[in-house]
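Engineer:
In the working numbering, the protein residues as written are 9 to 342.
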């Protein structure tokens, strides 16, 4: 019998879910804890009444052969489709082509379906913010939520959250905390607006130049294309940092004003308006390691902050983490 019987994965973004799914069946107990009410991380959806938005990642591309095999499997399951949206460069209403070098994909009918599909195979607890790890004398870990409730003991702990949270949880493991603490993350304000009727814009998404906005994208949930027009606006890192502490109403107004200036259309009232601040949006200086694992302490970390701020980076980091865990277990059992 293996000396490892339990693993806790903290964070149900794509890296954590990928790691947990890869370990399932190989280790008797793999439990995932997520502080949000839904899995998905940056591909989670945002709902405002009848309106729905992909307020994080709107699409993804494939570069790695392993990830291509994974995406092909997702396509076969019907949860991913190619996306042929027209992406342009935009400056005060002036449109220029911005050719996409590789095929883009989207989750179907929404991006979050990819995470939901992975989560179906996991022992997942949501609305559970892990705030403390306690090392046991036998080498395992005891974990506690933010209320101080004891949630169990585990032979191995994997943290697949932001670099900042990894650093905080791994305070006693410098091989991980020091590297995680070096990662700087940008802030990103995201605006979600719905309009009726549909706006007269010929493109699906745009890289916005010389504007507080860096990206705008039309979100079309399957079956709702003709009912209303939903747009996601991402502010630039510089603007987002400048207004990081601003109240939501001010940010909402500023983002919408910037949108009208960028598309050069007459202003109209949005039927739904929301904003969200991604406080740890994009790693400026990833550590260029697929994942981290300290065999002495039996604790690891993964996420797109390790490699690249893309869906592909998160998934490959999760697989790398699972591979490190299994190699560690094989050493123990040898």
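Note that beta-carbon positions come from the ideal geometry of N, C-alpha and C, so glycine has one too. Remember, it's a predicted structure, so these values are computed and weren't measured experimentally.
Is residue 245 helix, strand or coil when you go by DSSP?
Structural biologist: Residue 245: helix per DSSP, three-state reduction.
Engineer: Might you give, ordered along the chain, the residues of its own chain that have their beta carbon closer than 6 Å to the beta carbon of residue 9, omitting 5 neighbours on each side?
Structural biologist: Unreliable placement is indicated for residue 9, whose pLDDT of 48 sits below 50; the coordinate value is still reported in the next sentence. Here the set comprises nothing.
Engineer: Could you tell me the distance, in whole angstroms, from the CA atom of residue 89 to the CA atom of residue 124?
Structural biologist: Cα-Cα distance, rounded: 16 Å.
Engineer: With residue 75 and residue 323 assumed to form a contact (beta carbons below 8 Å), what rounded beta-carbon distance in angstroms separates them?
Structural biologist: Contact flag correct, Cβ pair sits at about 6 Å.
Engineer: I want to know whether the stretch 116-132 touches the stretch 144-153 - three or more CB-CB distances under 8 Å.
Structural biologist: Result no; under three Cβ-Cβ pairs closer than 8 Å.
Engineer: Let's see if you can read the secondary structure: which residues bound the alpha helix (DSSP H) around residue 128?
Structural biologist: Premise fails: residue 128 is in no alpha helix (DSSP H) and is neither H nor E.
Engineer: Give the DSSP bridge partners of residue 105, in chain order.
Structural biologist: Beta-bridge pairing links residue 105 to 96.
Engineer: Taking all protein chains shown into account, do 16 or more other C-beta atoms lie within 10 angstroms of the C-beta of residue 45, making it buried, or fewer, making it exposed?
Structural biologist: Per the 10 Å Cβ criterion, exposed.
Engineer: Residue 356: which of 104, 100, 73, 110 sits nearest, CA to CA?
Structural biologist: What is shown of the chain runs 9 to 342, which leaves residue 356 out entirely.
Engineer: Residue ranges of each beta strand (DSSP E) run of no fewer than 3 residues wholly in the stretch 216-290, ordered along the chain?
Structural biologist: Complete beta strand (DSSP E) runs here, min 3: 221-227, 237-243.
Engineer: Can you tell me where the alpha helix (DSSP H) with residue 2 in it begins and where it stops?
Structural biologist: What the structure shows of the chain is the stretch from 9 to 342, and residue 2 is not part of that stretch, so it cannot be assessed.
Engineer: Near residue 85, which residues of its chain fall below 8 Å by C-beta distance, leaving aside the five closest residues on each side in sequence?
Structural biologist: Closer than 8 Å at the Cβ level, and outside the excluded window around residue 85, lie 125.
Engineer: With H, G and I counted as helix, E and B as strand and the rest as coil, what does DSSP make of residue 172?
Structural biologist: In the structure shown, residue 172 sits in a helix (DSSP, three-state: H, G or I).
Engineer: Taking only the alpha-carbon atoms, compute the straight-line gap between residue 342 and residue 16 and give it to the nearest angstrom.
Structural biologist: The alpha-carbon atoms of residue 342 and residue 16 are separated by roughly 23 Å.
Engineer: Count the other C-beta atoms from every protein chain shown that fall within 10 angstroms of the C-beta of residue 67, then say buried if there are 16 or more, exposed otherwise.
Structural biologist: Flag for residue 67 reads buried.
Engineer: Residues bridged to residue 115 by DSSP?
Structural biologist: In DSSP, residue 115 forms a bridge with 88.
Engineer: Count the other C-beta atoms from every protein chain shown that fall within 10 angstroms of the C-beta of residue 292, then say buried if there are 16 or more, exposed otherwise.
Structural biologist: It is exposed - the Cβ of residue 292 has fewer than 16 other Cβ atoms within 10 Å.
Engineer: Is residue 23 helix, strand or coil when you go by DSSP?
Structural biologist: If DSSP states are grouped into helix, strand and coil, residue 23 belongs with the helices.
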